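Quick note on full-length UniProt numbering: the sequence shown kicks off at 1 and runs consecutively.
Using N, Cα and C, we set each Cβ at its ideal position, and we do this for glycine too.
None of the values given here were measured: they were computed from a predicted structure.
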Amino acid sequence: MTDPSEEAAYIEKLYEYGEQLNNAKDKSQHVKDYQGIIDAAKTSVKAKQLAAQLIPKFYKFFPDLSGPALDAHLDLVEAEELGVRVQAIRGLPLFCKDTPENIGKMVDILVQILGSEEFVERDAVHKALMSLLRQDVKASLTALFKHIGSVEEPSTDDAIREKVINFVRDKVFPIKAELLKPQEEMERHITDLIKKSLEDVTGIEFRMFMDFLKSLSTFGEKAPPERMKELIGIIEGQADLDAQFNVSDADHIDRLISCLHMALPFVVRGASSSKFLNYINKYIIPVFDQLPGERKVDLLRSLAEFSPYTTPQDSRQMLPSIVQLLKKYMTWKKTGEEMNFTYVECLLYTFHHLAHKVPNATNSLCGYKIVTGQPSDRLGEDFSELYNDFTERLNNVEEFTRATIKKLTQGMAENNKSMADAKTDEEKEKIKTKKQNATTGLRTCNNILTMTKPLHAKVPSFIGDKRINLSWKEATKPALSATPAAGAKRPANAANGSNIASKKGRGAGGLQNQLVNRALEGLSGGGRGGMRSRGRGWGGRGRGRGYR
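Below, the structure written as structure tokens:
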């Protein structure tokens, strides 16, 4: 422990050095004074704190002492005493004021301390990093993102990597308008840094970075088509669409469905979805039955939402697979199989929108007789058996759907009575959930009837507008009726597995309770797909194109 008189002498000497340097016109001539400050950094606690202020303050005037000065200051950053460390951390940005080449080194030092358990120390680190960002945002961001890593330059410390990502998310992204100047240049720079880091991220990290990119003016509402193409390209890379599909790779399925959902807003704004659709058509639909149940619904819902924006070429390519899947789930009454109403709603919606763009493609798929004057009309061929098969399936679907509407409506009346008799909040909440689920079920059924009705004619009318409000989408008009408007609000827990099932070949007797219960059970799953967190999300990092 330093003797008080000795400490007082150190402090007095430091003040003397500082005053002489402050008053000197040519500070570079006072090498001994600056060397004295450096030497004092190895003495008492109070002297260290004062030295931590003076070393960076006069650093730029003594280039020949830059090495010893930095070494002494870094020793203070690692000192045992918290007060000394905090003061030294605060001084780090000053080493870059006139020597910007030091920024990378200072960022590297600071990120090592981001995980400090001491709040005051962690706060000093945050403020020092923000000071560096304001001094030179380009160099500071570049240095920060090196700690997030990429395939070429992987992060060597996962704990530090996580702290840096959290810092960027919580401190940098919220003030992007202030930091990213000049705007166009710096938005492009951070975009390039993020794109490189996306080669090695978890699912949660990917969505966080994509949400940030979407918030930049570079990709805003007035952005040119090539910007949307750039974002779609990033999502396609993460979905690994160049890889051979393996249905047992649950991680890839999760990423693919999540990325498909993320791509939709950009497709709506005009970006091409061809690569996604071609991959799904080639690899996913043929093994649809082997997918996990909740992912089947996610896939069909995403396809339904994509379908209004497909090109005629993509529509013609996908229609055969969609029709085959639709027929599979519009099964014959005599088979006694259950019908998944959610699948049928999704597939009918997709069918309508694809067929609206290439109507004559349905001639050889469903037996219609649509004339466009093109050879693809195939009017000389007899597809009557296909037409009879397809319309019979439509009749079956309509029969089961009407029966389900009747049962769900009866169930709603029972729920209303139960609600009046319910004693506890828990009972009321359960009944409320059942009513919400039944409402979504009714909307699903209502949509199905609206979409099957125009398909009976030899020359049908395909729906290509937005008159159908899909049952899981937010709507403008809530409704609780047997034939709800397309605008009934979706319940918060209406579900991935809204598996409204009707047992075929049964009479009305004994059907009601089983049918309604099954409908309600099927509607009580989670929300739609999107990023599911499984541990680190997507089973770990390194999952995009060439990311392994």
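Identity of the residue in the options nearest residue i by Cα
i	options	result
Leu-144	Lys-176, Val-120, Asp-108 and Gln-410	Asp-108
Asp-98	Asp-123, Ser-418 and Pro-56	Pro-56
Ile-370	Ser-461, Leu-92 and Glu-226	Ser-461
Lys-13	Gly-233, Ala-47 and Ala-24	Ala-47
Asn-281	His-261, Asp-251, Asp-314 and Ala-263	Asp-314
Ile-165	Pro-265, Val-459, Lys-146 and Phe-61	Lys-146
Leu-264	Asp-249, Leu-231, Lys-296 and Val-45	Leu-231
Phe-62	Leu-54, Gln-53, Lys-27 and Glu-80	Lys-27
Leu-54	Leu-82, Glu-78, Asp-240 and Ile-11	Ile-11
Asn-363	Leu-347, Gln-183 and Glu-385	Glu-385
Gly-464	Thr-311, His-126 and Glu-429	Thr-311
Asp-240	Glu-199, Tyr-387, Asp-421 and Pro-286	Glu-199
His-456	Glu-426, Gly-367, Phe-306 and Ser-376	Gly-367
Met-318	Ile-285, Thr-342 and Arg-295	Ile-285
Asn-446	Thr-404, Lys-423, Ile-431 and Lys-458	Thr-404
Val-172	Gly-373, Met-130, Arg-85 and Glu-185	Met-130
Glu-399	Asp-389, Met-330, Lys-423 and Lys-296	Met-330
Gln-410	Lys-435, Leu-348, Phe-206 and Leu-326	Lys-435
Arg-402	Ala-422, Thr-444 and Phe-306	Thr-444
Lys-458	Pro-359, Ser-418, Pro-375 and Asn-469	Pro-359
Val-297	Asn-340, Trp-332, Tyr-279 and Tyr-283	Asn-340
Gly-104	Glu-7, Val-137, Asp-192 and Thr-156	Val-137
The alpha helix (DSSP H) enclosing residue i, as first and last residue numbers
i	result
Thr-439	425–452
Ala-8	4–23
Gly-83	82–91
Glu-184	183–197
Cys-259	250–268
Phe-38	The question names Phe, yet the displayed sequence has Ile at residue 38. It spans 31–40 - the alpha helix (DSSP H) in which Ile-38 sits, taken as one unbroken run.
Cys-366	363–366
Val-120	119–135
Ser-302	293–306
Glu-399	384–421
Arg-378	Neither: Arg-378 is in no alpha helix (DSSP H) and is coded neither H nor E.
Asn-166	158–167
Gln-244	Unbroken run through Gln-244: none, as it is neither H nor E.
Leu-114	Neither: Leu-114 is in no alpha helix (DSSP H) and is coded neither H nor E.
Ser-274	274–279
Pro-225	225–239
His-73	66–77
Arg-467	First-last for Arg-467: undefined, no H or E at that position.
Val-323	312–329
Asp-98	No alpha helix (DSSP H) holds Asp-98; DSSP gives it neither H nor E.
Gln-49	45–57
Ala-271	No alpha helix (DSSP H) holds Ala-271; DSSP gives it neither H nor E.
Ala-177	176–179
Presumed contact (8 angstroms Cβ cut-off) between residue i and residue j, rounded CB distance
i	j	result
residue 549	Leu-408	As displayed, the chain neither begins before 1 nor continues past 548, which places residue 549 out of reach and without an answer.
Ile-322	Phe-276	No, Ile-322 and Phe-276 are not in contact; Cβ-Cβ is about 15 angstroms, not under 8 angstroms.
Arg-89	Ala-139	The displayed chain sequence assigns Ile, not Arg, to residue 89. No, Ile-89 and Ala-139 are not in contact; Cβ-Cβ is about 19 angstroms, not under 8 angstroms.
Ser-150	Glu-187	With a Cβ gap of about 19 angstroms, Ser-150 and Glu-187 do not count as contacting.
residue 549	Leu-291	Nothing can be reported for residue 549: it is not among the residues displayed for the chain, which extend from 1 to 548.
Glu-345	Ser-471	6 angstroms
Ile-148	Arg-161	6 angstroms
Gly-203	Ser-258	6 angstroms
Lys-229	Ala-271	6 angstroms
residue 561	Ile-190	The structure shown does not extend to residue 561, since the chain is modelled only from 1 through 548, so no value can be given for it.
Pro-93	Gln-135	7 angstroms
Glu-121	Leu-179	Glu-121 to Leu-179, Cβ: 24 angstroms. No contact.
Lys-234	Lys-195	The sequence as given places Ile at residue 234; Lys does not occur at that position. Right, their Cβ atoms sit about 6 angstroms apart.
Phe-119	Met-106	So it is not a contact: roughly 21 angstroms between Cβ atoms.
Tyr-59	Ala-52	The Cβ separation is near 12 angstroms, so there is no contact.
Val-77	Val-45	With a Cβ gap of about 15 angstroms, Val-77 and Val-45 do not count as contacting.
Leu-21	Tyr-34	7 angstroms
Minimum Cβ-Cβ distance from residue i to chain D less than 7 angstroms
i	result
Leu-365	Within the model displayed, chain D is absent; a lone protein chain is all it includes.
Residue i Cβ short of 6 angstroms to the ligand COA heavy atom set
i	result
Ser-197	Of the ligands one can find in the structure shown there are none, so the ligand COA has no counterpart to examine.
Between the region 413–433 and the region 341–360, do at least 3 Cβ pairs fall closer than 8 angstroms? Too few Cβ pairs lie closer than 8 angstroms, so no.
The region 41–53 touching the region 70–83, judged by at least three CB pairs closer than 8 angstroms: Judged by Cβ distances under 8 angstroms, the region 41–53 makes contact with the region 70–83, as three or more pairs qualify.
Would you check if there are 3 or more beta carbon pairs closer than 8 angstroms linking the region 378–394 to the region 446–464? Counting Cβ pairs under 8 angstroms, three or more are found: they touch.
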